[in-house]
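Encoded as C-alpha cells, the structure appears first; notes follow it.
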C-alpha cells in the first residue's frame, strides 16, 4: 500500500517543467472506441452486427437452372442452359443430371424439360391460390354480415366442408356429430342434397341413415326426401336447432357446371329473426362475385 507524503512543502516552488520535446514526446495512446463507464451511469448495449444468412450455393444454382428450363417450352440443351445461367458446363451437367434423377427435369434427345415433380409443384401452387381466393371472400362476407360463413361441396358422394371463416365474436358451430354423416340435419347438407337427383339422394340416405340429434331433427328418411323435394331452386335452406341446440343456420345453393356447392351461415338461436335477411345478404354478396369465384369453386 502506498503511503502519503508528509514532508513539509518547500518555501519556493520549483520552476514548472517544460513539455517534452517532439523527439522525446510519448507516443499518443490509441483512443478506445468503447464508451467510458462512469459510476452510476448505464452504458447502452451496442447492437451486434447481423450475421449474413447461410446460403447453399448448389441449391441456388439448381434453382436458376429450373427457371431457365421453364422459359423454354420446347426444351433446351445443357450448353445453352449453362450459358444462360452463367454456370460452368461441368457444373451445369452435374446439376441437370441430379434434377432429372429427382424428377424435376426430364431429358429427351439432348433437351431438358420440366419434369413431373416440378409440374406437381406448379399445380399445388395453383390450388393454393384458388383456396386463398375463397378464404378471402369468406372473410369479407363474414365481416359484412357479422356471422361465421361456411363453404361446402358434394363430391364423390360425400358432403365435404371445405372452408370456415369465423371469429371469437362470431364462432363457428362446433362439429359435435360427424358433419358428412348428418347431412339430413344441418342446412348445408340439406342444401347440397337438394341439388342432387332423387337416386343420389336416396343413395346418400341409405349410406347415412337419419338419426335424431336434437328434439327438432327430422325423424325419418321419407320426411327428409319430402322436404328436399319442396326446396325451390336458388332459395335459401334454413334449419333451426336441428343439428345443434341454440343455433340456427341457413345455406344458399351454388351450382357451377355439375358441381353442387353451398355457402352457409349460422347464428345464435336468439338471433333467429336475422337468419333470412342475413342469408339474402350472403346470396347477394356471392352473386356479385360468383363469376370471379367460378374457377376457385373446386378447391
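In this note's numbering, the protein residues as written are 14 to 312. Glycine included, every Cβ here is placed at the ideal spot set by N, Cα and C. Computed from a predicted model, the values in this text were never measured in an experiment.
- In the DSSP assignment, residue 211 falls within the unbroken alpha helix (DSSP H) covering 211-220.
- Here residue 204 really is in contact with residue 266; their C-beta atoms are around 5 angstroms apart, less than 8 angstroms.
- In this structure residue 259 does not touch residue 291 by the C-beta definition: roughly 17 angstroms separates them, more than the 8 angstroms allowed.
- The C-beta distance from residue 165 to residue 275 rounds to 5 angstroms, short enough to fall under 8 angstroms.
- Taking residue 124 as reference, the option from 104, 90, 145 with the minimal CA-CA separation is 90.
- Counting along the chain, the unbroken alpha helix (DSSP H) around residue 71 starts and ends at 70-83.
- With respect to the C-alpha of residue 251, the residue from 116, 224, 181, 286 having the closest C-alpha is 286.
- Counted as a single uninterrupted DSSP element, the stretch harbouring residue 106 is not any beta strand (DSSP E) but the alpha helix (DSSP H) occupying residues 102-114.
- Residue 153 holds the alpha-carbon nearest to the alpha-carbon of residue 295 among 185, 70, 255, 153.
- Between the stretch 178-186 and the stretch 200-220 there are fewer than three C-beta pairs closer than 8 angstroms, too few to call the two in contact.
- Beta-bridge annotation (DSSP): residue 302 is not paired with any residue.
- Nearest to residue 122 by alpha-carbon distance, out of 173, 128, 133, 88, is 88.
- According to the DSSP assignment, residue 252 belongs to the beta strand (DSSP E) that extends over 250-253.
- Rounded to the nearest whole angstrom, the C-alpha separation of residue 100 and residue 182 is 56 angstroms.
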